[in-house]
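Accompanying notes for the structure given below.
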Amino acid sequence: MSTLKVGTIQDHANSTTAITIDNAGHVAMPNTKRGIFQVYSNSNQSIGSNATTLVQLDQKVFDPDNYFNTTNYRYIPQIAGYYVIEGQIMWEADAGDNCYLSAYIYKNGSHSHSTGASPYISGNGTVKPMGIAGLIMGTSNEQYVRTSSLVYFNGSSDYVDLRGYIYNYTDSGATDNLMKGHADNMLTWMYGYRID
-12 MSTLKVGTIQ DHANSTTAIT IDNAGHVAMP NTKRGIFQVY SNSNQSIGSN
38 ATTLVQLDQK VFDPDNYFNT TNYRYIPQIA GYYVIEGQIM WEADAGDNCY
88 LSAYIYKNGS HSHSTGASPY ISGNGTVKPM GIAGLIMGTS NEQYVRTSSL
138 VYFNGSSDYV DLRGYIYNYT DSGATDNLMK GHADNMLTWM YGYRID
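Be aware that the sequence shown starts at -12, since it is given in the numbering used here, and climbs by one per residue.
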């Protein structure tokens, strides 16, 4: 019986390191563009009752592959595959307001999602990732709503963004409903990464 001892595996054609194995047996591979990112809102957004609004995720915590655009608030990965996407909105309304709150992950401007391959749901399907809360606001005036989904991206033009919806039964004309943001604290945020 013989033993093969390997510390580094290189791409022969380009002489670049493909895999490194350390003396503890841990395997390290170069960045495979997993598309990992985390972003958040820097400031509050006012939203009227009975309106779905794009969340302004304008601050990056990290985005090494530069797939998230802080101008249009879209995540557009450039490698096809399945990604974990999760988002959270921190809502604020007046104490005592009876509110229906939602957080949505929109894909390509639509709430309906497509896996990009048959026989899975098409872009015209009815499956919609969303988080919901219905409550009477307490004295702290705030409530978190979170949503997550596995999303298929085609690796070129598919994108997702985070959107919020509020229906304030107590004050249907309310303009003081807020999606909370903060310069230093991640109250409203989104993150994601490719798994396959």
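Glycine residues also receive a C-beta, built at the ideal position from the N, C-alpha and C atoms. All figures in this text were calculated on a predicted structure; none of them were measured in a lab.
(request) Compare the C-alpha of residue 132 against each of 138, 165 and 140 and name the closest. (result) Walking along the sequence shown from the start, residue 132 turns up at place 145. When each option's Cα is compared against that of residue 132, the closest is 165.
(request) Using a threshold of 9 Å, state whether the C-beta atoms of residue 32 and residue 48 are closer than that. (result) On the sequence shown, position 45 is the one that residue 32 refers to. On the sequence shown, position 61 is the one that residue 48 refers to. Cβ distance not < 9 Å, so residue 32 and residue 48 don't count as in contact.
(request) Measure the alpha-carbon distance for residue 9 versus residue 20 and round it to whole angstroms. (result) Translated into the one-based positions of the sequence shown, residue 9 becomes position 22. Translated into the one-based positions of the sequence shown, residue 20 becomes position 33. Roughly 22 Å between the two C-alpha positions.
(request) Take residue 89 and list the residues in its own chain whose beta-carbon comes closer than 6 Å to its own, dropping the five residues that flank it on each side. (result) Position 102 of the sequence shown, counted from the start, is the residue given in the question as residue 89. 117, 119 and 152, listed in sequence order.
(request) Check residue 50 in the structure and name its three-state DSSP category. (result) Sequence index remark: in the sequence shown, residue 50 carries index 63 (1-based). Residue 50 falls in the coil class under three-state DSSP.
(message) For residue 185, report the span of its beta strand (DSSP E) as first-last.
(response) This structure leaves residue 185 out entirely; the chain is present only between -12 and 183.
(request) Spell out the partners DSSP gives residue 41 in its beta bridges. (result) Taking the sequence shown and counting its residues from 1, the one referred to as residue 41 is at position 54. The partner list for residue 41 (beta bridge, DSSP) reads 150.
(request) Using three-state DSSP, classify residue 7 as helix, strand or coil. (result) Position 20 of the sequence shown holds residue 7. Of the three classes helix, strand and coil, the one that applies to residue 7 here is strand, per DSSP.
(message) Assuming residue 77 is part of the beta strand (DSSP E), what are its boundary residues?
(response) Your numbering for residue 77 matches position 90 in the sequence shown. Looking at the DSSP string, the run of the beta strand (DSSP E) that includes residue 77 is 68 to 79.
(message) For residue 76, count the other beta carbons within 10 Å of its own beta carbon; 16 or more makes it buried, fewer makes it exposed. Which is it?
(response) Within the sequence shown, numbered from 1, the residue matching residue 76 stands at position 89. Buried, by the Cβ-count rule.
(message) Please classify residue 53 as buried or exposed, where buried requires at least 16 other C-beta atoms within 10 Å of its C-beta.
(response) Against the sequence shown, residue 53 aligns to sequence position 66. Label assigned to residue 53: exposed.
(request) Pull up the distance between the alpha-carbon of residue 94 and that of residue 176, whole angstroms please. (result) Locating residue 94 in the sequence shown gives position 107, where the first residue counts as 1. Locating residue 176 in the sequence shown gives position 189, where the first residue counts as 1. Taking the CA atoms as reference points, residue 94 sits about 17 Å from residue 176.
(message) When you compare the CB positions of residue 128 and residue 82, do they come within less than 9 Å of one another, or not?
(response) Taking the first residue of the sequence shown as 1, we reach residue 128 at position 141. Taking the first residue of the sequence shown as 1, we reach residue 82 at position 95. Yes, Cβ-Cβ distance for residue 128 and residue 82 is below 9 Å.
(request) Please report how far the alpha carbon of residue 63 lies from the alpha carbon of residue 85, in whole angstroms. (result) Residue numbering aside, residue 63 sits at position 76 when the sequence shown is read from its first letter. Residue numbering aside, residue 85 sits at position 98 when the sequence shown is read from its first letter. Roughly 36 Å separates the two Cα atoms.
(request) Alpha carbon to alpha carbon, how far is residue 123 from residue 78? Give it in angstroms, no decimals. (result) As a first step, residue 78 is located in the sequence shown; it is residue number 91 there, counting from the start. As a first step, residue 123 is located in the sequence shown; it is residue number 136 there, counting from the start. Those two C-alpha atoms are separated by around 12 Å.
(request) With distances taken Cα to Cα, identify the nearest neighbour of residue 126 among 80, 73, 179 and 142. (result) Against the sequence shown, residue 126 aligns to sequence position 139. Of the listed residues, the one whose Cα sits closest to residue 126 is 80.
(message) Could you tell me the alpha carbon to alpha carbon distance between residue 72 and residue 157, rounded to whole angstroms?
(response) Residue numbering aside, residue 72 sits at position 85 when the sequence shown is read from its first letter. Residue numbering aside, residue 157 sits at position 170 when the sequence shown is read from its first letter. Rounded to whole angstroms, residue 72 to residue 157 spans 32 Å at the Cα level.
(request) With a 10 Å radius around its C-beta and 16 neighbouring C-beta atoms as the bar for buried, classify residue 144 as buried or exposed. (result) Looking up residue 144 in the sequence shown gives position 157. Counting Cβ neighbours within 10 Å, residue 144 comes out exposed, since fewer than 16 surround it.
(request) Pull up the distance between the alpha-carbon of residue 37 and that of residue 150, whole angstroms please. (result) Walking along the sequence shown from the start, residue 37 turns up at place 50. Walking along the sequence shown from the start, residue 150 turns up at place 163. Between residue 37 and residue 150, the C-alpha separation is close to 13 Å.
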